[in-house]
Each structure stands twice: as structure tokens, then as C-alpha cells.
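Reading through the C-alpha cells given below for one structure.
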Amino acid sequence: MAFRKAVKGTALIGGGAIATVFGLSQFSQYRNKHGALAQVQAAEVVPVKNHLPTREQQILALQTNSEFDVIVIGGGATGCGCALDAATRGLKTALLERYDFSSGTSSRSTKLIHGGVRYLQKAIMKLDFEQYRMVKEALEERAHLLQSAPHLSAPLPIMLPIYKWWQLPYYWIGIKLYDLVAGSQCLKSSYVLTKSRALELFPMLRKDKLVGAIVYYDGQHNDARMNLAIALTAARYGAATANYAEVRRLLKAADPASGKPRVCGVRCRDVLTGKEFDVRAKCVINATGPFTDSVRKMDDEEVPNICQPSAGVHIVMPGYYSPDNMGLLDPATSDGRVIFFLPWEKMTIAGTTDSPTDVTSHPIPTEEDINFILSEVRNYLGADVEVRRGDVLAAWSGIRPLVTDPNSKDTQSISRNHVVTISDSGLVTIAGGKWTTYRAMARDTIDAAIQEHNLKAGSSKTMGLRLEGAQDWSPTLYIRLVQDYGLESEVAQHLASTYGDKAFEVAKIAQVTGKRWPIVGKRLVSEFPYIEAEVVYGVKEYARTAVDIISRRTRLAFLNVQAAEEALPRIVDIMAKELNWSEQKKKEELETAKKFLYYEMGYKVKTDQLTDRSEISLMPSDIERYKKRFRMFDKDKKGFITILDVQRVLESISVQMAENTLHEILNEVDLNKNGQVELNEFLQLMSAIQKGHVSGSRLAVLMKSTEENLWRRAAIPVDRSGGGV
């Protein structure tokens, strides 16, 4: 009865909304269809370079070209998209990035390719055509992105659990409108689930008061790899693309006709060598995301800021928190925000927050934001699923470059769409927007640049253009990798879904394992499919630091910071061989990467969970039990244990373990870093484990296993069990 009343109460509103949106959708499709007639098909564009130029060759091209048509500042999704759009139109293009491609916001997203369900809701409620147009464009670009890089992206079903009867028709109408706006580019039709079916597909869901669920589809991708694919594709089409190329200032010259100063290039610094040089161009494009205003002020110090940065924190948890192929949407959190809970790379990603922040190159996730996300996750998971703080494997913060439109009458209102502006001196700035619409943003930017600077080029050619690795990719490509090279199936699937048809190039340089199986492909860490050959190939893809490898060529840092830290020494050794690093350089790279993990990827908040001031909250019986376990290793009653103590006990049961592994295990618990674990530190560890603040401690696992197996002389497992930050 309640359901019927809810349906009757919303039928008229829903019918009117659907009719309105249908009319708008038809008009938009008509306009886009006729506008597309002027476009040149992407199939007509032929890549200029079959072999990817080295970074050194790219730097040389920047130094020796007398003048480019376009210089793009910024190597995020938008900047790389601008470079690709310009290069495929035949414009002589340069792309400059101060750090690494996708080192900023573009690698720290929710990993979704979506139109924005909540934006459509606002568009309908407020009759906001601009908001509707943004959703419509994003859904069109979603379809393009899934087609242009199918190895890096895929449709993902997302469940919206319903806990009140009236919400079922309300959200059903909204989701159906979302499908309708997508039109022929709807990925798959949304559908309603009964309570039992919802729990079957998402067994971790809270059962209490659950009415049913609605499932809709959006896209998901590997954001950093997608960004890199755009940059590499631009390079193959002839763009001089260089990471670690910092713009120091803008160059200006008097316009021959008006006498006014016009931007004519940039002063650039190769960050790796320190060498500075000028790069000249007819047009300079500012596509620097959160740093938009810093480049605008290079042009005019008096210009008002248009960027309003907002921090969004995400966390990664073990894969068992979500089904393999079903996400979850919380449409209204306790403070009105939206939280996604999604499977990603066999882990679970949850986020995001939305809070004002300062612009920085090194945003840091806070404990407050992490706990907020965990709290919201607990609201939707069953009571039998204990959501533990210690299960947070990685955490990061990304800065959204929200903008106010300087051309708008209301310059204080934040635009959710992208904004293209041109200064009096000819600097073209693209700001705002979202990951999904990077191609449309690039198209609009290059269109504006061509008009402003009278560049000779046709219309955009990127619609339908395949990105790096997509040309000959197929869903069964990984089978050939297994059969032809002897790779593990998991590794082969990973390579195929990361590099596409370029996976064969990685497989060719993979080292022989010396085992019966797999034949080739030495893993960097045991529980992830990343192999050593990817480090070598990453250098060919312009990786120049260990951070580039652990965070963007692979995604180790985003999946498990402890695993990333363990892989670092081997990664640095391989890179040192490829790039001729000295011992001092290796040491610097190791320290820089550890600092990155500590501050930017959540390792600091892990150590904050277990400090020398941590409270010991254990029952007296538990304290005695843990003291007894500790004394098994501390035979001399020193009050602390060292590597030698652990080795002695392990040898007594015929177990061998590498000294460096033991050092890592003890170092995780050695709070005062004196090379030994004291009884108080061990009790603090066990207390934190009981509270759920810490999980997967290898020392705790080792000592418990030793106690249980001492007389049976069984093997002791010491692999990580999903230990978090």
C-alpha cells in the first residue's frame, strides 16, 4: 500500500519531468548531430611516429623548434587532451608539465567516467538548463571515453540501496531520466531489485529496513594510465611532450598591428638538469587545473582569482568489502554529500569528501576525512561486517579546480562546467570541468585558440580517436600473453588491461623466473600483478622518479602503501640501471618516495594510529596472554626483542627467513626506531589490533603462528593480510 501511494504521488511529477527531459534530450541530440557533420572522422588521422620519442629527444625538439603553433602548460587530463586535439589538427604542438603527467588531480579521482546523477537532479529541481547541458555532454563524452580506450575503462553497475518506500519511485524516476538523457549512448538500462536480490548481489549490505535497490550504469577507468595514454598518443601524433619541464615565466612581444604586448612563448626549465631555455609559440594555453591562477598571474599580476580549490579525500580498503563487479552509491550522507563505494583493481575505493583547501602540489589526507568516509560506509554495511580503521590500505587527497566564470554577471557563483577565457595579451585559459569531459574541454579550448590567434587548422578530429594501446586490443588478448610468453594469467590480464596492445612490448622484456611456472614475469610484490619489466617500460613512458612508477605507471601506492614501500628498493635498483643513477641519487629517490607515501598516500595516518603514546586497553587476562607470547622470543628477559631473538626462535623450528624481511617486520612496530621492539610497544600493537585501528601486522601474525606451531614445526605465514594505514 505504501509503495502504491508513493508511486501515485510522484507519477504526475515524474511524467512531466520525463517529458521535459525527453524534449531537451531530443533538441540536444538534433543539435549535436548537425554540428557533427562538420567534423572530420578520426579514422582519417594517421599517427606521425610509430616509435615513441625519448624524453631527451622531446626536450631537444622544444629547444630547436623556432616556433610552435601551440604551447600547452599542464600535463593533466585537460592539458594532454588539448595537446592531442591540437596535434591531430596538424598544429605544431608542445606540452609542458612541471612534474609528471597526471601527478596532480587527474590521478586522484574517484575513477568514475560519469555524467553526474546528482547534477541531473539539481538541473530538474531548479530547471537549470546549463546544468542539464553539462550532464548531457558528460554522458556523450562518457561513451567516447569508453570506446577510445576500452582496455583502460569499462561499464560498472552501481547500486543505490533503498531504505524507505517513498524513495523507491523517487530515485527510480531520477535514474530513468539519467538513462533517457544518455539516449542511444546509455551503457545499459537501469533496473529495480527486490531486497533478496539486492542482498544476493551485494551481501555486505545492511539488511535492516532495506526495501530494495536500483542499479544503474556508469563507466570506470584507471585514471592515471588514461591520462598517460592521452599524453603518449599526443606524442605519437607529433606533439613535443615533456614532463619535468617547468614554466618559469611567460614571454611577451609587442603586437605589430596594435603595439600591445602579446604572449609569444614561455621560459622553460628542465627540472632534471636545471637547464633553462625559451620555447616560442603563436599561442599559449593554460591548462593547469588548481594552479590556473598562478599562470594567469604570470600574465597579469592584478587579475582576480577564478579558481576555488576543493579537497576530495578517498580511501582504499581490501576487496572483500565490496563485490567484484558492483559499486554502491550513498546519495545523501549525514552532511549532504555523496559517497561512492566501488570495486577498483581488486580493492575497494570509497570517497569522496568536499572541503575548501589551499592550492598545493602535495595535498595530504586528514584523519578527520578518513573517519568521515568510514562512518558513512558503516551506515550501509551489515552489522556482521566490521569496518576497521586498520583496513584502510591507502588514502589520498585530490584538489578539484572549481572555478567562477569571469565572463559571467555573477562572478561569485561556482561553475560546474568548464570555462575558456582569453586575456588581453592572448593567453588562453581552460579551467573547471571534470575528468569525463576532458576531450570536449580540449576541443573548445583549441577552437578558441584558433579563432583568437588565426591559426590554420580544421575542426577537432578526436571524436572516435583510439588512444595508446587501444588499436589492436581485444578482451581475449591476455590469453596470447599467457600462451606466447608463459606469464601468469593474473599478470597477463593486468598487462592487457593496462597497456592494451602494447602489453606485448612489456612481455618481451620480462625476465625469466627460473621456475616451472610462470616462465617469465618477476613480481615486484607477491600479492599484486605488477612485474619488474613494467619498471623498465615505465622509463620508456617517460617515468623519471620512483614516485612516477609506484603511483602512475603502476598503481601500487594507491592500492597499498606498505606494498609500495616494500617494492621501492627493487624499483630504485632497476631505474638506476636504466637511467645511470649514482648511489647518492638512489638514496635520494628512495627517501623522496618514502616521504611521498608517508604524507600524500596515508602512511602518516597509519603511524599515528600506533604511537608510543597509544593507550593500552586490554583485559588483564589478555595482557598476561600477550606477555607470555612475548617472552617466548625474549628468553633473556631484557624487556625487548631484536632480529636475533626472532631468528633464534625461528631456527628452533627449522624456519628460515631473510634478515631484511625480519627487519621490515620489526620496523613496522618499532615506534621509537631503536632497532628493537619493547614489551610496551608490543602491547600497544595488540591493543590497536583489538580496537580495529591496526590490521594485518606481520609481527603479530608471526608471533601468534609461532606460539601455535612451535611444537608442530609448521611453516609460519608472514605475508601481509591486508594490513592497512
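If you read the sequence shown in the UniProt record's numbering, its first letter stands for residue 1, the second for the next number, and so on.
All C-beta atoms in this analysis are idealised placements derived from N, C-alpha and C, irrespective of residue type, glycine included.
Drop a sphere of 10 angstroms on the beta-carbon of residue i, count the other beta-carbons inside from all chains shown, and report buried for 16 or more, exposed for fewer.
{"i": "F129", "result": "exposed"}
{"i": "E488", "result": "buried"}
{"i": "K461", "result": "buried"}
{"i": "L568", "result": "buried"}
{"i": "E708", "result": "exposed"}
{"i": "D424", "result": "exposed"}
{"i": "G212", "result": "buried"}
{"i": "P475", "result": "exposed"}
{"i": "G639", "result": "exposed"}
{"i": "V21", "result": "Here the model assigns V21 a pLDDT of 47, short of 50, so the residue's position is not dependable and the matter cannot be decided."}
{"i": "K111", "result": "buried"}
{"i": "L12", "result": "The pLDDT assigned to L12 is 39, lower than 50, so where the model puts this residue is not dependable, and the model offers no usable value."}
{"i": "A332", "result": "exposed"}
{"i": "R31", "result": "Reliability of the predicted coordinates at R31 is poor, the pLDDT of 41 falling under 50, and the value obtained from them is presented with this limitation in mind. Label assigned to R31: exposed."}
{"i": "H494", "result": "buried"}
{"i": "H144", "result": "buried"}
{"i": "M125", "result": "exposed"}
{"i": "D172", "result": "Here residue 172 is Trp; the residue named in the question, Asp, does not match the sequence. Buried is the call here."}
{"i": "F27", "result": "With a pLDDT of only 42 at F27, under the threshold of 50, the placement of this residue in the model should not be trusted, and no figure is reported."}
{"i": "A43", "result": "The predicted model places A43 with a pLDDT of 45, which falls under 50 and marks its position as unreliable, so this point remains unresolved."}
{"i": "residue 776", "result": "With the chain represented from 1 up to 725, any question about residue 776 goes unanswered, as that position is not in the structure."}
{"i": "T78", "result": "buried"}
{"i": "L37", "result": "Its pLDDT being 33, under 50, L37 is placed unreliably in this model, and the coordinates cannot settle the point."}
{"i": "R296", "result": "buried"}
{"i": "R553", "result": "buried"}
Report the residue from the options whose alpha carbon sits nearest the alpha carbon of residue i.
{"i": "L210", "options": "A239, Q167 and T110", "result": "Q167"}
{"i": "P155", "options": "G79, R142, Y163 and I162", "result": "R142"}
{"i": "E651", "options": "T706, M619 and D670", "result": "T706"}
{"i": "P365", "options": "Y603, A77 and S148", "result": "Y603"}
{"i": "M204", "options": "V313, N65, P261 and D384", "result": "D384"}
{"i": "K207", "options": "E137, A87, E367 and N379", "result": "N379"}
{"i": "R631", "options": "I479, V535, F682 and R108", "result": "F682"}
{"i": "A402", "options": "E246, H418, S294 and L251", "result": "At residue 402 the sequence reads Leu, which differs from the Ala that was named. For L402, the nearest C-alpha among the options comes from H418."}
{"i": "Y537", "options": "A510, K275 and S497", "result": "A510"}
{"i": "D300", "options": "L187, G426, V271 and D223", "result": "G426"}
{"i": "A593", "options": "S582, R544, Y626 and I641", "result": "R544"}
{"i": "K176", "options": "L160, W165 and Q676", "result": "L160"}
{"i": "N227", "options": "R108, R480 and S697", "result": "R108"}
{"i": "D472", "options": "S66, N680 and S497", "result": "S497"}
{"i": "Q451", "options": "V428, R439, M441 and V669", "result": "V428"}
{"i": "A503", "options": "R267, E541 and S103", "result": "E541"}
{"i": "D223", "options": "E565, D548, T105 and D501", "result": "T105"}
My guess is that residue i and residue j are in contact by the Cβ rule of under 8 Å, so how many angstroms apart are they, rounded?
{"i": "A557", "j": "M601", "result": "5 Å"}
{"i": "H314", "j": "W435", "result": "At roughly 13 Å, the Cβ-Cβ gap does not stay under 8 Å, so H314 and W435 are not in contact."}
{"i": "A234", "j": "A83", "result": "4 Å"}
{"i": "P304", "j": "G327", "result": "No, P304 and G327 are not in contact; Cβ-Cβ is about 39 Å, not under 8 Å."}
{"i": "L465", "j": "S148", "result": "6 Å"}
{"i": "K691", "j": "S582", "result": "That belief does not hold up - the Cβ atoms of K691 and S582 are roughly 45 Å apart, past 8 Å."}
{"i": "G90", "j": "A457", "result": "6 Å"}
{"i": "L685", "j": "S697", "result": "6 Å"}
{"i": "L455", "j": "A448", "result": "With a Cβ gap of about 11 Å, L455 and A448 do not count as contacting."}
{"i": "Y178", "j": "Y216", "result": "6 Å"}
{"i": "M347", "j": "G319", "result": "5 Å"}
{"i": "Y237", "j": "A87", "result": "4 Å"}
Does chain D have any CB closer than 8 Å to the CB of residue i?
{"i": "G183", "result": "As a matter of chain content, chain D is missing from the structure shown, which is built from one protein chain."}
Check your understanding: Would you call the region 66-73 and the region 280-287 in contact, with 3 or more CB pairs under 8 Å?
Key -> yes
Exercise for review: Report the residue ranges of all alpha helix (DSSP H) runs contained in full by the region 432-468; include only those spanning at least 4 residues, in chain order.
Suggested key: 438-453
**Study point:** Sequence ranges, alpha helix (DSSP H) only - wholly within the region 197-243, length at least 4
**Key:** 223-236
Practice item. Give, in chain order, every unbroken run of the alpha helix (DSSP H) that is at least 4 residues long and sits entirely within the region 132-157. Key: none
Exercise for review: Count the C-beta pairs between the region 224-244 and the region 89-96 that are closer than 8 Å, then say yes if the count reaches three, no if not.
Suggested key: yes
Practice item. Count the CB pairs spanning the region 513-530 and the region 484-501 that are closer than 8 Å, and state whether there are at least three. Key: yes
**Study point:** Stretch-stretch touch, CB-based, cutoff 8 Å, three pairs: the region 255-271 with the region 386-402
**Key:** no
Point to revise | beta strand (DSSP E) runs wholly inside the region 252-331, at least 3 long, in chain order | key: 261-270, 276-286, 307-317 and 327-330
Check your understanding: When the Cβ atoms of the region 570-586 are set against those of the region 618-635, are three or more pairs found closer than 8 Å?
Key -> no
**Study point:** 3 or more residues per run - each beta strand (DSSP E) lying fully within the region 52-120
**Key:** 68-73 and 93-96
Check your understanding: Considering only residues of the UniProt domain "EF-hand" (657-692), which uninterrupted alpha helix (DSSP H) runs meet the minimum length of 4 residues and lie entirely inside it, listed in chain order?
Key -> 659-667 and 679-691
Point to revise | Segments assigned alpha helix (DSSP H), at least 4 residues, entirely inside the region 332-418 | key: 367-380
Exercise for review: Assess, as a yes-or-no matter, whether the region 351-361 is touched by the region 653-663 under the definition of 3 or more beta carbon pairs within less than 8 Å.
Suggested key: no
Review point. Using 8 Å as the threshold, is the region 333-347 in touch with the region 286-298, meaning 3 or more CB pairs across them?
Key: no
Check your understanding: Using 8 Å as the threshold, is the region 187-196 in touch with the region 245-257, meaning 3 or more CB pairs across them?
Key -> no
Exercise for review: List in chain order: all unbroken alpha helix (DSSP H) runs of 4+ residues lying wholly within the region 532-567.
Suggested key: 533-540 and 556-559
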